[in-house]
Amino acid sequence: MYFWHMKLETSFNCVHRGREESESGLTSVTLRDLTFESSGSYKCEVSTEAPDFKTVLKNKFMSIWAPPRSDPDVEGLRPSYYIGDLVSGNCTSASSYPPASLAWYLNGQQVGT
Numbered sequence: 849m850y851f852w853h854m855k856l857e858t859s860f861n862c863v864h865r866g867r868e869e870s871e872s873g874l875t876s877v878t879l880r881d882l883t884f885e886s887s888g889s890y891k892c893e894v895s896t897e898a899p900d901f902k903t904v905l906k907n908k909f910m911s912i913w914a915p916p917r918s919d920p921d922v923e924g925l926r927p928s929y930y931i932g933d934l935v936s937g938n939c940t941s942a943s944s945y946p947p948a949s950l951a952w953y954l955n956g957q958q959v960g961t
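Spelled out as structure tokens, the structure:
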């Protein structure tokens, strides 16, 4: 779980898990150079001063996603075929997280499995 604390107008730099650098202010936190390990539960704490010393916490889970960095690559298809021919093509996607789902379509209708 990531945690940051802000008191009044104080700003400070801190390091989370040795990877992400943050700049925190009164109402925000900024993380740079996110990795998949940056996914997790983030908590904001709001506290009052004396005499009450009340504290309220709010947790939010953040996921890191990585879409494919390029369009899919289609190989093995020719521009035309004869009736009765076998069509065999391959569609490959660049790595992504979560993994991309691939599907073939013919005139807007999904084909194959």
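Going letter by letter, the sequence shown gives residues 849 to 961 in this note's numbering.
Just so it is clear, CB atoms sit at the ideal spot from N, CA and C, and this is done for glycine as well.
Predicted model only: the values in this text are computed from it and were never measured.
Residue i versus residue j - alpha carbon distance
i    : j    : result
E923 : I912 : 31 angstroms
K891 : A914 : 23 angstroms
Y945 : A898 : 47 angstroms
T896 : T875 : 15 angstroms
C939 : P920 : 6 angstroms
G937 : L954 : 13 angstroms
D900 : F884 : 39 angstroms
Proximal residues to residue i (C-beta, below 6 angstroms), its chain only, five neighbours per side dropped
i    : result
T917 : Thr is not the amino acid found at residue 917; the sequence shown has Arg there. The residues are A942.
V904 : V894
Cβ-based neighbour list, residue i, same chain, cut-off 8 angstroms, excluding 5 preceding and 5 following
i    : result
Q958 : A951, W952
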